[in-house]
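Working notes, structure below.
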Amino acid sequence: MLQNILKIAFRNFWKSKNISIINILGLSLGISICLIIALLVKNELGYDRHFPNAERIYRVTSDLVFGGNAMKMTFVPAPMADALLEEIPEVEAAVHFRNQGTFLIKRHEENIKESKIIYAGKDFLKVFDIPLMQGKKEGALDEPNTMLISQTMADKFFKGENAVGQSLVLDNELVFKITAVYRDIPENSHFDFHVLLSAEGLPEAKSGQWMGNNFQTYILVSPGADKIEMERKIATMTEKHLLPVLKQIMGEDFNLEVFKASGNKAEYTLMPLLDIHLHSDLVGEFKANFSITYVYLFTAIAVFILLIACINFMNLATAKSSNRAKEVGVRKSMGSGRSDLIFQFMTETFLMSIISFILAVIIASFLLPFFNDLAGRNLAMPFDSLTFYSSLLLGSILVGLIAGIYPSLFLSGFKPAKVLKGDISNGMKSATVRSSLVVFQFSISIILISCTIGLFSQMNFILNRNLGFNKDQIIMVHDLYALGDQKQAFKQEVLNNSLIEKGTLSGFLPVSGTNRSDMPWWVLGRDIQDQENFVSIQNWRVDFDYIETLGMKIIQGRDFSMDFPSDSSAVIINASALKKFNFDGDPIGQKIASFTGDNVSGVSKDQFKTKTVIGVVENFHFESLKENIGAVLMYIDPNPSGIASFKFKSQDVEEVLQYIEGKWRELAPGQPFTYDFLDDRFASMYAAEAKIGKIFAVFTGIAIFIACLGLFALAAFTAEQRKKEIGIRKALGASVSTLVLLLSKEFTKLVFISLIIGIPIAWWGMKSWLENYQYRIELSWGIFFIAAMMVLVIAWSVMGYQSLKAANTNPIDSLKSE
Amino acid sequence: MKSLCPLADKGVRRNLSINYQKRAFSQDLSLFLWHKIRISTSELQVIAYYLFLKNLKNHSFIMIALSNIDKYIESRFQRIFILKGIDLKIDQGEFVTLMGPSGVGKSTLLNIIGLLDEDYEGKYIFDGKSINGMKEKQKSALHKDEFGYIFQAYHLIDELTVYENIETPLLYRNVSSSERKSIIADLLDRFNMVAKMDLFPEQLSGGQQQLVGIARAIAGRPRVLLADEPTGNLHSTQAKEIMQVFKELNKEGTTIIQATHARENADYGSRLIEMLDGKIYKDISLA
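Protein chains in written order, with my numbering: chain D, 1 to 818; chain P, 819 to 1105.
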């Protein structure tokens, strides 16, 4: 019996092989995309699971509101880790990290720049029990100036040697001894550092300062510990530690209730390690995380693509029903029950499904490198995994079921007495179902297209928005400390070249990844017992050329100038800050004050520093456009460091680069020269969105392509079925154009219905996505109009081809067979 | 050759669970006994009964009994009757011809008898059992065991070869591979089609296609052969050939019911039923 079924299946396949191949390729392509997305989703969901006891590790996060400035960060106070270990019984181990950016590392002579480097508390290996290749776990980071390095690092510096016991030099001055080498942390981890430095020697780690939030802190809790309960204990604990500090600043009559009532808070909560990659987007993440929304989004796209491909399959199977009707009738008259026929048609579908899956694996293997490139991932087909094959098998059964169940129920339901008489009006009944399936496919296509267009217009909007500063043709040279006291000399040397217009030295730039510093200020003379008078504001240290180099616009007062010696105590504020300070009268010349001191030594309540406002600049974006523009004040740093930014005019970037690098080599021999461009840096702030956008566009393209394959085949079948009608109409004098119109009319109607269904859904989806952005495009009808036109043009060209072909056949060819 | 005793035949089949091959041999009892070596007492009783009934001369049994069959289409203003008040009894071994002009209801009646059409009113008793309210499974079993169909347009499956077309009904009967081979070989031999067994239907003439259709219909050894205009698409020489085959099959014991509007075809049969406007107009015995 099975042999008979397979024979029929194969011969039917061959009889209309063009369409069958289109069908099977469409299905394979759809499945291969699903496969890739499944790999991606599995990878993202598997983040950090490789750490032993991963489900018992939590990160402490802070949720602070102070002086109207809200911050959600991964940073908590330095003494938090020790306090947690001592005071919360559930905590078995705690470790804190301090990220100080990149370091230069050398063994003998040549420096290597390493960014995956961080200071870690001594209990690191108790929390993150990662396997060691060399060395002992006990006491690995107990001593100052000890370090753990990864296998990769060990291979880099000590190829073929035992790394333990050897030393490396950081930034040309710090000597760290290697105590152990650990196996590389897998790529799908939010924590993937290659060098861990002991935080024991770090002064701020030992400061006991509860006001500053600078350390990422992780804890290992005992099995079964309750998160809510622990958070309650942490709240009590932090209150105990913070209250004396706050009293010291605010005065003895400081009242916590009043503090909270005026909208301030300092809350510390726990985030499970396994949630970090998909559920966290805080200030100070170790690396850019993914979002669970994207996981859902991609899963939805995968399901949609698979559905579109399955619908193609269903549509063609039912459209072909007139060809199969006779067979069904004959088989039924021979005593085949309905279940036998369902079995037969399901077997055919399963066969197709299995073939498609095999093809899909091949297609996916080819597409994966491109996808990896696009998505910045390193996914591989798990050919050595048994689960992979069993999920493929399960998948093919599932797809077979989805694609096969309707056609087989439909086909097996034919009444033999009717179909054997040649009455296949049954085949027409399925047209309604088929039409709704086509509408469904095109609705999805329209949603995907409009969302892609919307996404790209928003990205375009961000990248071309008036930012309040000029990001083009500015080169940033990093790691100025390598120049020692030659920084100003370097700036002057570079400016000697006529291609370079302006230059400034400052670590604070309006792109992410540069310095930030937040301190409260108030208008001198106002009562500081009143929380209302505090303005939480960014304090940026700049030099005299800063505003001019970055092309910021002074809207009141003047720029810093060497001609005014008093400018060392002057500030320029932005428009946001102007609003927050709420000066009485003209802001220019007004004095503002703040505490002296810093995060390490603590702030002193009694000593104030005062500065005079000399100018106001137009607001400029310095965080993602998802945020509102915050308040900024700038003052002159007598000894600026961090980054040198140069504005150049030449189109010949190569030449400028070579010149600057030459000067660097002269002044800082042997130190690596690192640079980037401000506009690139800016674009990288939206890299995640841009990446998602690209992937989305590709998948949308594929989804539409598959939908069109289906439409193409369906149009071919309709034309085939109406061959006789077309022949008669032609014989009666119908022109080709009327016939094309006649044939396209039906599908055009369906596409229009899809527009009516798809556009509102797309509109709603886009609207909710855009709400993430403070600065966003207006949703215009243009987007949907373009999407609609695209779908119509694509659909018409596909149908038009088939209709033209049918309309151009000689009427006699189709009529004489009757 | 074939038993004239439906009751006994049924009994034997039921009790011995005779499969296809044994049934073939049961036409010759001695061979049957030779083939089936171990026979229980109850089986012997059945065989005795079978022999007793077989010796009853000129005795016939009602195989198909239709009473007051109506079939109609609900049109917007009235019912249009395709069949109205049909009462018909057909005995085992008869060769019945249904005649009448186009649209008179011959095919519909044939479909109802052959269980291909269940959308009617009235009582239908086959072999003493009521078809009305029979379960799908039992009907399907009846299909397989009792009926063979021959169509005007042959209705061979285009994607299967001659051999495979004849094989298909046997597959539904779970006949073993070696048995299938021998049955198909016999049929191909009988209809002189051995050389054509690997051809596809479209490579055959109409008459040859209809021969394949007949071979397919009788491959499962049905007791009733239903033929709807079997010669309608054939020219007269081919038609005569087909009718000759029918006559032989009838002689071998198969009950045949054919619908036709060619009077000359009726001459091969034993009974002529003329239909008019959905009713039986004349019922003539030609024997």
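In this text, a Cβ means the ideal position worked out from N, Cα and C, and glycines have one as well.
Item                                                                                                                         : Value
Contact under 8 Å by Cβ, R1039 of chain P with N983 of chain P                                                               : no
Proximity below 8 Å, CB of I1032 of chain P to CB of V1063 of chain P                                                        : yes
R1039 of chain P (DSSP reduced to helix, strand or coil)                                                                     : coil
Sufficient close CB pairs (3 or more, under 8 Å) joining the region 221 to 234 of chain D to the region 81 to 91 of chain D  : yes
Contacts that H961 of chain P makes with chain D (C-beta to C-beta distance below 9 Å)                                       : K332, S333, M334, G335, S336 and G337
Interface residues of chain P facing A417 of chain D [CB-CB closer than 7 Å]                                                 : N929, L934 and D935
Three-state secondary structure assigned by DSSP to T504 of chain D                                                          : strand
Buried versus exposed call for V303 of chain D [16 or more other C-beta atoms within 10 Å across all chains shown]           : exposed
Every unbroken alpha helix (DSSP H) inside the region 914 to 981 of chain P [4 residues or more]                             : 924 to 931 and 954 to 964
Cβ neighbours of V439 of chain D in the same chain (closer than 8 Å, five flanking residues each side left out)              : L750, I753, S754 and I757
Those residues which DSSP pairs with I178 of chain D across a bridge                                                         : D:M147
Buried versus exposed call for L2 of chain D [16 or more other C-beta atoms within 10 Å across all chains shown]             : exposed
3-residue-minimum beta strand (DSSP E) runs that sit fully inside the region 15 to 97 of chain D, ordered along the chain    : 57 to 66 and 69 to 73
Three-state secondary structure assigned by DSSP to A163 of chain D                                                          : coil
Positions along the region 885 to 902 of chain P whose CB lies within less than 9 Å of some CB in chain D                    : none
Residues bridged to K471 of chain D [DSSP beta-bridge criterion]                                                             : DSSP lists no partner for K471 of chain D.
Buried versus exposed, by CB contacts within 10 Å (16 or more), H1053 of chain P                                             : exposed
Close-in-space but distant-in-sequence residues of the same chain around L1022 of chain P (CB under 8 Å, 5 per side omitted) : V980, K1014 and V1030
Cβ pair Y58 of chain D, L270 of chain D closer than 8 Å                                                                      : yes
Those residues which DSSP pairs with R897 of chain P across a bridge                                                         : P:E892
Short Cβ contact (8 Å threshold) for V740 of chain D with G800 of chain D                                                    : yes
Identified DSSP bridge partners for E173 of chain D                                                                          : According to DSSP, E173 of chain D bridges with nothing at all.
Contact check, G615 of chain D vs I572 of chain D, beta carbons under 8 Å                                                    : yes
Straight-line Cα distance separating N111 of chain D from N172 of chain D                                                    : 8 Å
Beta-carbon separation (whole angstroms), I397 of chain D vs G30 of chain D, contact threshold 8 Å                           : No, I397 of chain D and G30 of chain D are not in contact; Cβ-Cβ is about 16 Å, not under 8 Å.
Close beta carbons around F319 of chain D, own chain, < 7 Å, minus the five adjacent residues each side                      : With the sequence shown as reference, residue 319 of chain D is identified as Ala, and Phe is not the correct amino acid for it. So the qualifying residues of the chain are R434, L714 and F717.
Anticipated Cβ contact below 8 Å, I8 of chain D with L978 of chain P, distance rounded                                       : 7 Å
Start-end ranges of the beta strand (DSSP E) lying completely within the region 231 to 290 of chain D, minimum 3 residues    : 265 to 272
Delimiting residues of the alpha helix (DSSP H) encompassing A317 of chain D                                                 : I292 to A319
First and last residue of the uninterrupted alpha helix (DSSP H) at T718 of chain D                                          : A687 to Q721
Per-residue DSSP class, three states only, for V511 of chain D                                                               : coil
L1090 of chain P - containing beta strand (DSSP E), residue span                                                             : R1089 to L1094
Limits of the unbroken beta strand (DSSP E) element including M133 of chain D                                                : L132 to G135
Of the residues D:L732, D:N772, D:F712 and D:W764, the one placed nearest L743 of chain D, counting alpha carbons only       : D:F712
For N315 of chain D and L625 of chain D, the rounded distance between their alpha carbons                                    : 45 Å
Proximal residues of chain P, C-beta to C-beta of L455 of chain D below 9 Å                                                  : In chain order: nothing, as chain P lies at least about 48 Å away.
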